[in-house]
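Here the structure is laid out as structure tokens; the discussion comes afterwards.
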Amino acid sequence: MDHATHVPCGPCAFKNVRRKSVVWCPACGEGLCESCLHHHKASAASRKHKVVVKDLQRVPSVLFSMRQTCPDHGLTFDMYCDIHEIPLCSKCIADHKKCLRMLPISYVSRNSKFSTKLWDIEHGIAHVLGNIEEIIRKKEDNLESIGDEKSNIETEITNLREKINGYLDNLQDKVLNDISVIYSKCSMDTENFLSKIEARKRNIESIAQNITCIREYASDLQTFLLTQKLESDFAKEQESFVSDLSDADLEEIDIHVSFNSNIFSTLTAITSLADIDVIRYQSTMSKLKKDIQDECSDANRSPLANIRLLSRTPIVTPRDPQLKFLRNCVILENKEILFTDDSENRRLVWFNADGSHKRNIEMRSEPYDLVNHESNKVAVTVPREKAIFMFDLSKNKMAGKIVTKNFCYGLCFCDNKFVVSVLDQGIQTLDIYGKILQTVPMNVEKICNIHTSQDKLYYSEYDSSTVTCSDLYGNCIWKFRHKDFTGPLSICTDICGNVYSVGYDTDNLIAISPDGKNCVFLLQEKDKLFGPTGLYFHKKTKQLIVCSRFDGQAVMYDLVT
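Every letter in the sequence shown is one number past the one before it in the numbering used here, and letter 34, counting from 1, is 28.
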């Protein structure tokens, strides 16, 4: 954590005078010199403020950069919008008239140093740091173990070498060199991994130290405002740690040697003394990664009863007779929206962030699904073309094409790979150049849409009215059915792991719990939802788009979990 080596006097700095502080006032959020402290005690507005005298250098520098006034209007924060999770000044309140939950900032920041959220952050930090320490210990032990194995193999090779003639000198050198190269690579990989994870550990420890210092030096308001930042910082560190932690990083390594049993009878035919294998196997460290991932999911998980749809914003009006066959949709990074129109129009329909129509992208055949796989680029499945087309939206032209073996339908993108459902093939994972990396055999005729999130694959089956969750290898985790939910099509997930899908036949939108055991209906026919097909959730803006196939309607909602 960064600390101030020299805390300047706030009032003096305002007058462009540099003086060293002797105390810190958490309520004012600034340091005070001897002279200003005298006025501070005499002022009716501040005479009851408690100041900190000792360890002034421990005041975190983050307190100096934190704003307690509105950055747009320069006014103090009066209210807090619980929907958007931001503080508001008196002028900002006008922009949140539709928000149903606004509370006084003094009320929500009261006793924030002892809030459950802050305690949860500390608990999460302790849990992650404990797992990091365990991973470091195991990797260091493994490094020592393969060092011993290296020494043992070298001894075996040396003993063997003494039993044979000089013809084997070159072969011995070759094997020893192979071992050294392998060990050097293993050692370098491990050291690089330890260096990376130590850096992540320091970042998380810094957040923990921030909390300790904030409790001692910050006011309730400062603590409340900083708690959200700390929560966000920790969540980012936690998510970055999990995403950076590949299964390969957690594998333990053994070096094995297999000697040729016919070495003495076939010396002239031997080109190598031994075969050296690097054996990687799953260790308990993989469970530690899952524990961290589960901790991250549990921290973000919210009950289905808390899910609400707010701020209904129509995207396509019924007065446009041309837009009646919307199939799927995606929200771009700049908040613009693209739809696939799989009618005889054969096009992508492009809208601005405010919902106004921008333009259309004409295609030779009907597009089905699409994904925003790069900045300003989208990939689109076109079943009749048996291909995935890439479009560069900034240059207004096609940027590439991946040919599939049969009709392709549902499409998603994760870990820099495409996942696509292909008729008579199954669900295939492709690299960005179209190379097939994996095929999960399935009856794609019955699968309408697919979605991937957190090492899980979700797909809908229209005929059986089933939403299925499996691992990325197709092993079923759970199946969901409901008598009032039939003809499921598009699927998406939110940051809490809740699963959303639309029922085309029953005209409804449903949210399913992460374990597939519970559900809640969010929209129905009475909400003017007719023939829903497309669904997309933007995790940064927390906006959910629902589009309908036959009435050309698309509506954007603010999703609150």
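All C-beta atoms, glycine included, are put in the ideal place defined by N, C-alpha and C.
Residues of its chain near residue i, where Cβ-Cβ distance is below 6 Å and the 5 sequence neighbours each way are ignored
i: residue 312; result: Since pLDDT at residue 312 reaches only 44, below the 50 mark, its modelled position is unreliable, and the value read off the structure follows with that caveat. If we look at residue 312 and ignore the five residues flanking it on each side, it has no Cβ neighbours.
i: residue 253; result: 268
i: residue 523; result: 501 and 517
i: residue 587; result: With the chain covering only -5 through 555, there is no way to say anything about residue 587.
i: residue 387; result: 370
i: residue 366; result: 324, 326 and 372
i: residue 442; result: 454, 456 and 483
i: residue 251; result: 147, 268 and 270
i: residue 245; result: 274
Residue i classed as buried or exposed, judged by whether at least 16 other C-beta atoms fall within 10 angstroms
i: residue 539; result: buried
i: residue 495; result: buried
i: residue 265; result: exposed
i: residue 163; result: exposed
i: residue 85; result: exposed
i: residue 124; result: exposed
i: residue 340; result: buried
i: residue 637; result: Within the shown structure, residues of the chain are numbered from -5 to 555, placing residue 637 beyond reach of any answer.
i: residue 375; result: buried
i: residue 187; result: buried
i: residue 204; result: buried
i: residue 419; result: buried
i: residue 11; result: exposed
i: residue 470; result: exposed
i: residue 182; result: exposed
i: residue 403; result: buried
i: residue 448; result: exposed
i: residue 88; result: exposed
i: residue 405; result: buried
i: residue 127; result: exposed
Cβ shell of residue i (< 8 Å), same chain only, five flanking positions each side left out
i: residue 78; result: 90 and 93
i: residue 31; result: 16, 17 and 45
i: residue 513; result: 298, 474, 476, 479, 504, 505, 506 and 507
i: residue 430; result: 422, 423 and 424
i: residue 107; result: 208, 209, 212, 214 and 217
Cβ neighbours of residue i in the same chain (closer than 7 Å, five flanking residues each side left out)
i: residue 102; result: 74 and 218
i: residue 552; result: 304, 305, 536 and 537
i: residue 331; result: 309, 323, 325, 345 and 539
i: residue 176; result: 249, 270 and 272
i: residue 27; result: 3, 6, 13, 14, 15 and 16
i: residue 307; result: 349, 549 and 550
i: residue 396; result: 381, 382, 424 and 428
i: residue 543; result: 319, 320, 321, 525 and 527
i: residue 459; result: 475, 479, 480, 481 and 482
Best match in the options for proximity to residue i [C-alpha to C-alpha]
i: residue 416; options: 444, 367 and 509; result: 444
i: residue 362; options: 347, 346, 355 and 335; result: 335
i: residue 45; options: 203, 213, 381 and 100; result: 213
i: residue 521; options: 534, 549 and 508; result: 549
i: residue 227; options: 154, 8, 194 and 140; result: 194
i: residue 225; options: 113, 333 and 188; result: 113
i: residue 80; options: 399, 130, 220 and 246; result: 220
i: residue 407; options: 391, 432, 39 and 446; result: 446
i: residue 401; options: 205, 482, 359 and 169; result: 359
i: residue 223; options: 72, 41 and 115; result: 115
i: residue 472; options: 509, 144, 182 and 255; result: 509
i: residue 391; options: 342, 72, 403 and 414; result: 342
i: residue 239; options: 189, 405 and 199; result: 189
i: residue 180; options: 414, 109, 247 and 229; result: 247
i: residue 436; options: 459, 1 and 453; result: 453
i: residue 364; options: 385, 347 and 455; result: 385
i: residue 450; options: 464, 434, 87 and 35; result: 464
i: residue 356; options: 338, 170 and 66; result: 338
i: residue 440; options: 433, 462, 426 and 432; result: 462
i: residue 398; options: 389, 411 and 379; result: 379
i: residue 141; options: 229, 184, 158 and 109; result: 184
Cutoff 7 Å: residue i Cβ touching any chain C Cβ
i: residue 553; result: No chain C appears in this structure, which consists of one protein chain only.
Closer than 6 Å: residue i CB and nearest the ligand GDP heavy atom
i: residue 388; result: The model depicted lacks the ligand GDP and carries no ligand whatsoever.
Counting Cβ pairs closer than 8 Å, one from the stretch 479 to 486 and one from the stretch 529 to 536, do we hit at least three? yes
Flag this pair as touching only if the stretch 131 to 150 and the stretch 226 to 242 have three or more C-beta atom pairs under 8 Å; answer yes or no. no
Within the stretch 357 to 425, ranges of the beta strand (DSSP E) (whole runs, at least 3 residues): 364 to 368, 371 to 376, 381 to 386, 391 to 397, 402 to 408, 411 to 416 and 420 to 424
So within the stretch 429 to 470, which uninterrupted beta strand (DSSP E) runs reach at least 3 residues, ignoring any that extend past its ends? 430 to 434, 441 to 447, 450 to 455 and 460 to 465
Contiguous beta strand (DSSP E) assignments of at least 3 residues, all confined to the stretch 494 to 550: 502 to 506, 513 to 517, 526 to 532 and 537 to 542
Unbroken beta strand (DSSP E) runs of length 3 or more, entirely within the stretch 187 to 257: which are they? 246 to 253
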